[in-house]
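In this note's numbering, the protein residues as written are 4 to 107.
A short write-up of the structure that comes next.
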């Protein structure tokens, strides 16, 4: 099952509508909650469509066809395969953090 958060503050809508009489959530300051986003592989590629699946597969050392099957939900990666994919994503993050662009 894929979960994708598109709202910056997921509880705002709840507090305005269904939860307007919920005493517990009225006391919670959602701005002071630390959020951790967990993705399954299909949701990750849906949320980040600009990532090239074939290039990600190569970086992770995974067959590109198999990676496409993971991203479409046809197949599901093992824990070992998921670790390879996550390591590749984290490698990209490190590389992107070092980039500085300038106008010519």
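Cβ atoms here follow ideal geometry from the backbone N, Cα and C, with glycine treated the same way.
Along the alpha helix (DSSP H) that carries residue 96, what are the first and last residues, could you check? For residue 96, the uninterrupted alpha helix (DSSP H) run begins and ends at 82-100, by DSSP.
Nearest-angstrom Cα distance between residue 98 and residue 64? Residue 98 and residue 64 have their C-alpha atoms roughly 18 Å apart.
Given 8 Å as the limit, is there contact between the stretch 46-56 and the stretch 18-35, that is, 3 or more CB pairs closer than that? The answer is no - the stretch 18-35 does not touch the stretch 46-56, with fewer than three Cβ pairs under 8 Å.
Given residue 77 as reference, the closest of 17, 94, 69 once Cα atoms are compared: With distances taken between Cα atoms, residue 77 lies closest to 69.
Excluding the 5 residues preceding and the 5 following residue 72 in the sequence, name in chain order all residues of the same chain whose CB lies nearer than 7 Å to its CB. If we look at residue 72 and ignore the five residues flanking it on each side, its Cβ neighbours are 78.
Straight-line CA distance for residue 17 to residue 24? Their backbone Cα atoms lie some 10 Å apart in a straight line.
Span of the alpha helix (DSSP H), counted from its first residue to its last, around residue 28: DSSP places residue 28 in the uninterrupted alpha helix (DSSP H) bounded by 26-30.
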